[in-house]
Amino acid sequence: MGIFDGRRIVLGVTGGIAAYKAVEVCRRLVDAGAHVSPILTKGAERFIGKATFDALASEKVQTSLWDEDNPIPHTNLGQNADLILVCPATARLLSDYRIGRSADLLTATLLATRAPVIICPAMHTEMWEQPSVQENIRELAGRGVEIVGPEKGRLAGGDDGTGRLSDPGSIVAAVEKVLNSGVGAQVQDFFGLQVLVTAGGTKEPICPVRYIGNRSSGKQGHAIALEAAARGAEVTCVTTQPDNIFHHPQIKVVAVETANEMAEAVFSESPKSDFIVMAAAVADFTPAERHKEKIKKSKEGLEIHLVPTVDILASLGATRNDEQILVGFAAETSDLEKNAKNKLESKGIDLIVANDISAANVGFDYDTNAAVLFDHMGKKTELPLADKREIAQAVLDAALKLKVDKHEESGGN
Ligand code: CTP
C-alpha cells in the first residue's frame, strides 16, 4: 500500500491564474490513491470551473459554508483531513490564515483542523516581496506550516520573476513527505545547529561578457539547505543560483559568482557553522587575468592562462575545529569509490557524497540523483535513484549521526 492510499487530503484552491495547475495536482493525488476534497474560493471559481474538479476529484467539490444541508462542512472537512494543501495560495489567504480570520469555507476549514498544512503561494513578484506578505509567510512557517515555493519564472501578463507556483511534481513530493513523516510535524533534529551549504557552479570571468562555467544547477545544494531548515537548522546558503532557491525564513542566501567570492563567503561564515556542506561545483581554475573590455573576434587563436583557485573544502579540512562536520561532493565519471575515498582523505573531511554523473537521471539539472556516501569511519551507504530532497535527507541523516558520534567520543553528553 502506498503512502497516499486512502489518505484524506483537502485541496484548497484560491483565486489566481495558477489555479489551473491545481487540476494537475488533484489528478496526481487521486491517481496515487488519495481521497481529495477540493474547496474552491469564490476567486478560484473565476479562474477554473467547479466541473473540472468534479470530474477529477474523488470527493465532492465544495465552494461555500452554505450550499448544502450540512451546517458545519468546515469542521467535518478539517477534522477528517490527514492533510490540507492550499494550491495556489493568494496573499489574501496568507493574511486571513495568519490572523485567524474565517472568511470562507477554506479559511474556516484551515482554522478547524489539527492536520498538517502545506501552502503553495503564487502571486506577482511585487506582491510576494511586500514586507507584509513576507511577514505572514515567516509567521506561518514558524508555526509549522510547510511552505512550498514560489519559484522564479514566467508570471501572468508576460512578467518574469519570483512568484510562480511550484511545479506539480514538487508539490506532490512535499505532500508525500509530510504524509510520510507521520503526524506531519517535521522532526526538529537540527534545531539550534548552524548549517552552511554551498550550491551551484562558479563562474570565472574572462572579460565583462564571457566566463568559464560548469553545468551545476544548484538543485542538490538547495535541497540540502531546505531540508536542514525544515529540520530546524539556521542555514546559510552560499549560492551562484540565488534566484532558484526556495524562500525559507531560516535560510540566509548569500549570492556569489566566482570561486574566490565563494571562498570568501564560506570562510567568513565557517567559524560559527556546525556543518559545512560543499555541494557547489567550484571551478578548479580561473583566468589569471580578467580583460577590462570585451575580447574582440580575431583571426588569431586566443590563449587564456588559467591559475588554480583555492580548494575551499581542503582549507576548511586543514583548519576546522573537531566538532565541526565537513561534507564534500565528488562528481565522477569513472572509479567512483577510489576517487571519492581519495578526496575524503586528502581534504580531511568527514563525509563525501559521490555521484556517478555518467549514469541516467543523475546530476546536472535533473530533479533526481543517486549517490554513494563514504564516511571517515569507513562506512559506505548506497543511495539509489531518488528525488534530490530525499538524497538531501539521507546526507543530513549521515552527517548528524557523525556529529553525535564525535560528540560522544569526545566525552560530551
Ligand atoms: N571544492 C572546493 N574548492 C575547489 C574545488 C572543489 O571546495 N576549488 C569542493 C567541491 O565543492 C566538492 C569537493 O571539493 O565538495 C570535490 O570537488 P571535485 O571538483 O570533485 O574535486 P577536486 O578536488 O576538484 O578534484 P577533481 O576535479 O580533480 O576531480
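For the sequence shown, our numbering begins at 1230 and goes up steadily by one. By construction, the Cβ of each residue, glycine as well, lies at the ideal position given by its N, Cα and C atoms. Note that this is a predicted model, so its numbers are computed, not measured.
| Item | Value |
| --- | --- |
| C-alpha gap between L1545 and L1625, whole angstroms | 19 angstroms |
| Every unbroken alpha helix (DSSP H) within the region 1292-1344, with a cutoff of 4 residues, ordered by chain | 1302-1309, 1320-1328, 1334-1340 |
| Whole-angstrom distance between H1605 and E1566, CA atom to CA atom | 13 angstroms |
| One or two residues paired with Q1242 in a DSSP bridge | Inspection of the sequence shows that residue 1242 is occupied by Val rather than by Gln. DSSP, once it has assigned bridges, lists L1269 as partnering V1242. |
| V1572 CB to nearest heavy atom of ligand 1 below 7 angstroms | Looking at the sequence provided, one finds Lys at residue 1572 rather than Val. Because some heavy atom of ligand 1 lies under 7 angstroms away, the Cβ of K1572 counts as near it: yes. |
| Same chain, Cβ closer than 8 angstroms to R1236, five either side skipped, listed in chain order | G1262, A1263, H1264, D1311, L1312, L1408 |
| Residue span of the alpha helix (DSSP H) that contains Q1449, given as start and end | 1448-1459 |
| Burial state of K1572 (16 or more Cβ within 10 Å) | buried |
| Near ligand 1: A1454 beta-carbon under 7 angstroms from a heavy atom | no |
| Cβ-based neighbour list, D1513, same chain, cut-off 7 angstroms, excluding 5 preceding and 5 following | P1537, T1538 |
| Burial state of L1531 (16 or more Cβ within 10 Å) | exposed |
| Candidates L1294, K1271, P1267: closest to D1283 by CA position | P1267 |
| Three-state secondary structure assigned by DSSP to E1498 | helix |
| Candidates L1269, E1463, F1558, of which the one nearest D1579 by Cα | F1558 |
| Nearest candidate by alpha-carbon position, reference C1316, set I1376, R1343, E1364, A1286 | I1376 |
| Per DSSP, the bridge partner or partners of P1360 | Partner(s): none; P1360 has no beta bridge. |
| Contact under 8 angstroms by Cβ, T1647 with L1384 | Because the chain here runs from 1230 to 1642, residue 1647 falls outside it and cannot be looked at. |
| D1564: CB within 7 angstroms of a non-hydrogen atom of ligand 1 | no |
| Distance, V1467 Cα to V1482 Cα | 6 angstroms |
| First and last residue of the uninterrupted alpha helix (DSSP H) at A1403 | 1397-1409 |
| For E1637, three-class secondary structure by DSSP | helix |
| Extent of the continuous alpha helix (DSSP H) run through I1541 | 1541-1548 |
| Three-way DSSP call (helix, strand, coil) for R1236 in this model | coil |
| 8 angstroms Cβ cutoff met for T1431 and T1487 | yes |
| Exposed unless 16 or more other CB atoms sit within 10 angstroms - verdict on S1502 | buried |
| Coarse secondary structure for K1608, derived from DSSP in three states | coil |
| C-alpha gap between N1590 and T1597, whole angstroms | 6 angstroms |
| For G1382, the residue or residues it bridges with in DSSP | G1390 |
| Residues near E1358 by beta carbon distance below 8 angstroms, same chain, minus five either side | T1391 |
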